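Counting from 1, one number per residue, gives the positions in the first sequence under our numbering.
Every residue, glycine too, gets a C-beta built ideally from N, C-alpha and C.
The structure presented is a predicted model; accordingly, all values stated were derived computationally and were not measured.
Structure first, commentary second.
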Amino acid sequence: MSGTFGKGHHLHLIDGSAFIFRAFHALPPLTRKSDGLPIGAVSGFCNMIFKMVEDNRGPDAPTHVAVIFDKGSHTFRNDMYDQYKANREAMPEELRPQIPLTRRATEAFNIACKEKEGYEADDIIATLAVQAREAGGRCTIISSDKDLMQLVGDGVEMLDAMKNTRIDREGVLEKFGVYPEHVVDVQALAGDSVDNVPGAPGIGIKTAALLINEYGDLETLLERASEIKQPKRRETLIEHADQIRLSRKLVLLDDKTPLDFTLDDLEVKEPDADTLLAFLAEMEFRTLTKRVAEQMGKEMPTIEDTPALPDAPQIDDIPFDADKYEQVSDASALQKWIDAIYEVGYVAVDTETTGLNEMTAELVGISLATEPGKACYIPLIHKANRGNDLFGSDDLAEGQMPLEQALEMLTPMLEDPSILKIGQNMKYDAKIFAQIGITVAPFDDTMLMSYAQHAGLHGHGMDTLSERYLNHTPIPIKPLLGSGKSAITFDKVPLEDAVKYAAEDADITLRLWQLLKPQLHMAQVTRVYERLERPLVPVLAQMERSGIKVDRDTLSRMSNAFSQKMVGLEDEIFELAGRKFSVGSPKQIGEILFDEMDLELPDGKKPKKGKSGAWSTGADVLEDLATVHDLPRRILDWRQLDKLKSTYTDALQNHINPDTGRVHTSYSIAGASTGRLASTDPNLQNIPIRTEEGRRIREAFVAEEGKTLVALDYSQIELRILAHIADLPALKDAFARGDDIHAMTASEMFDVPMEEMTPDIRRRAKAINFGVIYGISGFGLARNLRIPRAEAQGFIDRYFERFPGIRTYMDDTKTFAKEHCYVQTLFGRKIHTPEIASKGPRAGFAARAAINAPIQGTAADVIRRAMIRMPDAIADLPAKMLLQVHDELLFEVEQGSEDKLIDAAREVMENANDPVVKLDVKLTVDAGTGQNWAEAH
DNA sequence: ACGCTCACG
DNA sequence: GACGTACGTGAGCGTA
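Pasting the structure below:
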């Protein structure tokens with residue numbers, strides 16, 4: 001359709017400035033991969049435009065379109081009122097460069113792009129909308145700015161592109177309580193805090209609409225103000241009449257803006273495919289470029305996938321060459337290395353030890369690297385003979401400088417605040433050095449740099465990182481140490497081999513650092529790395545070195561008791577089964593129950609078979625089966641005892657350090673993708689508590705003589721974070737009141753008053769609350785509650801109804817994850833969810849993980865922050881922080897100082913979110929004390 | 001080495 | 001409409 005704009009024509013006016021501002025705040029801080037340029041708002045803008053172009057193929061398609069921008073900050077309104085928009089905050093730095101890019105995007109789509117000095121975009125929009133209406137055509141204003149609502153009606157409509165909702169005259173009535181022609185009157189009275197329009201003090205939109213509807217229009221109202229019955233209102237209107245009239249002028253749009261173009265200039269034109277694709281590719285919008293290319297029948301332009309690093313050294317150019325590594329054997333050689341380190345100001349450091357347990361391992365040698373390819377190994381206590389020489393002496397190998405001398409030379413450098421020490425998993429090396437009284441600082445950790453950027457994408461061990469980022473497979477350690485009984489420790493490795501292996505580790509670490517350091521910033525996770533990862537290293541190192549006292553006799557007695565019970569159970573089991581078998585074998589249990597005895601579950605079915613074709617005999621299956629036969633219950637009891645004995649009472653004894661009498665776990669910082677820690681060797685984060693029998697194992701974790709154990713744990717931290725993130729007012733209020741949160745949910749869902757709550761109804765609500773955190777599904781809830789799937793789905797529907805924020809959160813999170821392949825915590829931690837893009841059940845897993853990760857991850861961030869602040873907070877108290885169990889911290893304190901410790905630690909924990917994140921829900925911490933962990937919890 | 005089971009939050 | 005699911009971990013055992 002062409003010719004002069006008129007009947008049958010349809011004009012789309014896009015409020016460009018408002019849109020990018022909103023997109024900037026609503027969308028994540030997306031950056032261009034190659035150089036880190038912020039482009040989130042541009043991306044949102046382009047997606048919106050493309051969606052419109054796609055949508056607009058139907059009969060309602062626009063014939064004319066323009067994007068309107070603000071220009072300059074001074075307009076005629078500032079001349080009328082110098083306070084107009086005076087409280088606007090400065091434009092965020094990340095948004096500024098995106099403004100011109102948005103204009104370029106508009107041009108790339110071949111859409112008219114208009115602005116005028118001294119006028120707001122709204123005035124131009126008003127002028128064009130009125131022109132369109134007077135010409136007999138239609139106009140859709142794509143904006144959510146309420147100031148534009150005065151234009152609606154008679155062929156003019158508004159469309160909120162982000163919410164995809166249309167606003168017509170009735171919509172305006174709903175919003176303002178009056179029809180569009182009286183919107184300015186209402187706005188004049190109500191004022192506007194965003195634009196700093198004063199209005200009438202104490203009068204909001206509701207009252208304003210009431211008054212306008214009663215008196216017809218603003219002028220009449222002001223003239224007859226003396227007739228108003230309410231004294232306060234009457235006086236306000238009389239007193240502020242001038243201010244109200246000024247306000248009306250400010251909000252009234254100028255629909256007579258002089259323009260140097262006509263509606264006909266805005267006719268829709270097809271974009272030029274090459275121009276558009278070139279722009280989108282330049283912005284590196286992969287998905288959108290692909291879609292546009294497909295739609296236009298063009299080939300997708302290539303977008304480089306790897307970030308260009310103009311400043312980074314060309315690491316690829318320097319090959320790995322193990323023969324070039326140096327063995328440092330005397331003081332003068334070491335001094336040269338130290339000089340070189342002071343020259344550059346940093347050094348990659350790696351320690352070699354006699355084992356992997358930092359508490360028992362001894363320092364064997366140290367490797368250093370100062371530039372790619374330039375690395376050395378300082379062997380310190382290597383033995384002259386290999387370990388498999390039965391009569392081998394303990395003589396030291398030749399070519400080593402004395403340990404004391406080397407440490408004397410290295411310690412000042414390792415502790416020098418001006419020298420950055422770079423490590424891969426620095427906690428390990430820091431603990432080794434701490435054992436000999438050396439505090440390594442400051443430091444960087446390549447493992448944590450990788451984790452901050454790529455949690456969820458891949459592991460962060462040295463081998464993985466080297467292969468992935470350096471395209472180099474490190475020398476394997478296995479052939480040097482051997483395996484099994486004949487394995488030797490590193491001090492027995494011949495020096496020639498040791499130098500190559502050890503120096504290479506430092507070389508790799510240095511190269512990784514050069515690569516990963518600049519990327520931290522581009523991925524916008526520098527703060528995560530610097531505030532949540534790196535500072536945790538010394539804190540955890542100290543906790544691990546402290547360890548917790550475990551009473552061997554208690555464990556040993558329990559082991560014996562468990563053994564006896566198990567023997568008795570075994571007799572009953574064999575009796576019931578009709579023959580002897582290995583009770584610890586799920587495979588044999590399955591054969592006995594489902595083949596030989598031919599038992600069936602209460603629903604008449606048999607359980608699923610696993611991947612290996614064996615019957616599933618998990619606790620839930622046996623639990624169901626216990627209703628039809630006695631054997632499954634006995635097996636369950638046996639299994640529980642077996643678990644407690646083998647995993648806890650037996651195994652824990654082997655972890656008691658003979659020197660300290662304590663158990664020293666190791667926390668992995670970069671293990672769990674969500675930001676949680678993981679505890680290994682032994683895992684002290686899964687010590688039993690849920691059953692009485694298991695709980696007693698905690699009695700073996702005791703305080704030292706004259707001391708007390710103190711446990712502080714966050715109350716419902718994940719649900720509180722959910723209430724905040726998903727914006728659930730009912731949940732927030734309940735937490736504010738201190739309600740029983742599961743009972744409240746139950747009351748809300750099942751319409752049962754709190755006073756009449758039964759444990760069973762509460763139990764169901766609790767399951768649903770947790771289900772939500774896990775990315776609820778009808779199937780999962782049904783299985784958990786053992787109810788029909790339809791009923792479970794009914795619960796979920798009802799939950800969404802009562803807490804509508806949940807659905808929005810789940811949908812938004814999935815959409816975000818699909819678009820970005822990661823989700824974020826409130827503190828900016830990124831958790832990648834690559835599988836979200838896959839098809840089939842994998843996508844379901846990924847979606848639920850994506851829903852859970854921001855909640856679990858934010859809770860993890862909170863306790864990390866508390867732990868990082870804790871050493872300073874309790875520095876004056878005779879107390880040590882010993883363990884972390886996700887939402888709990890366990891301390892050991894001298895008797896008499898328990899209350900002081902609780903006060904100090906609680907203060908830190910309850911305010912750990914401050915000041916970075918403001919939470920709508922208060923965090924609360926429960927505390928307990930006791931001589932053992934069971935009492936303290 | 002891998003699957004199964006089960007301990008924790 | 002079917003698919004197959006609760007999220008995140010680590011350890012010990014049996015089985016290949």
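Can you give me the Cβ contacts of residue i inside the same chain, cut-off strictly under 8 Å, excluding the 5 residues immediately before and after it?
i, result
"Arg-286", "Ile-303"
"Lys-949", "This structure leaves residue 949 out entirely; the chain is present only between 1 and 937."
"Asp-101", "According to the sequence as given, residue 101 is Leu; it is not Asp. These residues qualify, in order along the chain: Ile-39, Val-42 and Met-283."
"Tyr-822", "Gly-456, Lys-830, Ile-831, His-832 and Thr-833"
Buried or exposed: which applies to residue i, given that a residue is buried once 16 or more other Cβ atoms fall within 10 Å of its Cβ?
i, result
"Asp-311", "Residue placement at Asp-311 is poorly supported in this model, since its pLDDT is 43, which falls under 50; the coordinates are not used for a value here."
"His-12", "buried"
"Pro-854", "buried"
"Thr-4", "exposed"
"Pro-841", "exposed"
"Glu-294", "exposed"
"Glu-358", "buried"
"Pro-729", "exposed"
Could you check how far apart the C-beta atoms of residue i and residue j are, in whole angstroms? I think they sit under 8 Å.
i, j, result
"Asp-429", "Met-462", "No, Asp-429 and Met-462 are not in contact; Cβ-Cβ is about 12 Å, not under 8 Å."
"Ile-953", "Leu-709", "With the chain covering only 1 through 937, there is no way to say anything about residue 953."
"Val-921", "Met-870", "With a Cβ gap of about 22 Å, Val-921 and Met-870 do not count as contacting."
"Arg-698", "Asn-385", "Between Asn-385 and Arg-698 the Cβ distance is about 47 Å, and since that is not below 8 Å, they are no contact."
"Ala-927", "Leu-712", "5 Å"
"Glu-267", "Thr-63", "7 Å"
"Phe-176", "Ala-225", "Actually they are not in contact, since the Cβ atoms of Phe-176 and Ala-225 sit about 21 Å apart, beyond 8 Å."
"Lys-605", "Ser-616", "In fact, because the Cβ distance is near 12 Å, the residues do not count as touching under 8 Å."
By Cβ distance, which residues of its chain are closer than 6 Å to residue i, with the 5 residues on each side in sequence left out?
i, result
"Asn-425", "Met-447"
"Ser-673", "Ala-455, Gly-456 and Ile-831"
"Ala-700", "Val-550, Asp-551, Thr-554 and Leu-555"
"Thr-944", "Missing from the structure shown is residue 944; the chain here goes from 1 to 937 and no further."
"Gln-793", "Gly-778"
"Asp-668", "Contrary to the premise, residue 668 reads as Ser rather than Asp in this sequence. So the qualifying residues of the chain are Ala-678."
"Met-48", "Ala-161"
"Ile-338", "Met-413"
If you reduce the DSSP assignment to three classes, tell me which class residue i lands in.
i, result
"Asp-760", "helix"
"Pro-871", "helix"
"Gln-243", "helix"
"Pro-538", "helix"
"Asp-317", "helix"
"Thr-938", "Here the chain has residues from 1 to 937 only, and residue 938 is not among them."
"Met-413", "helix"
"Phe-279", "helix"
"Lys-290", "helix"
"Pro-310", "Note that Pro-310 has pLDDT 41, beneath the 50 cutoff, so the model's placement of it is unreliable and the number below is only indicative. Coil, per DSSP."
"Tyr-377", "strand"
"Tyr-501", "helix"
"Glu-134", "helix"
"Gly-153", "strand"
"Leu-495", "helix"
Residues in its own chain within less than 7 Å of residue i by CB, not counting five upstream and five downstream?
i, result
"Ile-257", "At residue 257 the sequence reads Thr, which differs from the Ile that was named. Counting only Cβ-Cβ distances below 7 Å, and skipping sequence neighbours, we find Lys-116, Tyr-119, Asp-123, Ile-124 and Thr-127."
"Lys-71", "Glu-115, Lys-116 and Glu-117"
"His-742", "Arg-762, Ala-765, Lys-766 and Asn-769"
"Leu-363", "Thr-351, Thr-353, Leu-380, Ile-432 and Ile-436"
"Ile-796", "Ile-776, Gly-778 and Leu-781"
### Task
Count the CB pairs spanning the region 481-499 and the region 823-833 that are closer than 8 Å, and state whether there are at least three.
No, the region 481-499 does not touch the region 823-833.
### At least 3 beta-carbon pairs within less than 8 Å: the region 541-549 vs the region 402-411
Between the region 541-549 and the region 402-411 there are fewer than three inter-stretch CB-CB distances shorter than 8 Å, so the stretches are not counted as touching.
### Query
If we count Cβ pairs, one from each stretch, closer than 8 Å, do we get three or more for the region 124-136 versus the region 144-155?
A contact exists between the region 124-136 and the region 144-155.
### Query
Are at least three pairs of beta-carbons, each pair with one atom in the region 178-190 and one in the region 249-256, less than 8 Å apart?
With the cut-off at 8 Å, the region 178-190 and the region 249-256 touch.
### Message
Between the region 233-241 and the region 196-204, can you find at least three pairs of beta-carbon atoms closer than 8 Å?
### Response
Enough Cβ pairs lie closer than 8 Å, so yes.
### Query
Can at least three beta-carbon pairs, one atom from the region 412-424 and one from the region 434-447, be found at a separation below 8 Å?
Three or more beta-carbon pairs drawn from the region 412-424 and the region 434-447 are found closer than 8 Å, and the two stretches are therefore classed as touching.
### Query
Would you say the region 517-525 touches the region 27-39, given that touching needs at least three Cβ pairs under 8 Å?
The region 517-525 is in contact with the region 27-39.
### Task
Say whether the region 649-662 touches the region 803-811, bearing in mind that this needs 3 or more beta-carbon pairs closer than 8 Å, one atom from each stretch.
No, because fewer than three Cβ pairs between the region 649-662 and the region 803-811 fall closer than 8 Å, the two stretches do not touch.
### Query
Touching or not, the region 357-374 and the region 317-326, by the rule of three or more beta carbon pairs under 8 Å?
Contact holds: three or more Cβ-Cβ distances are below 8 Å.
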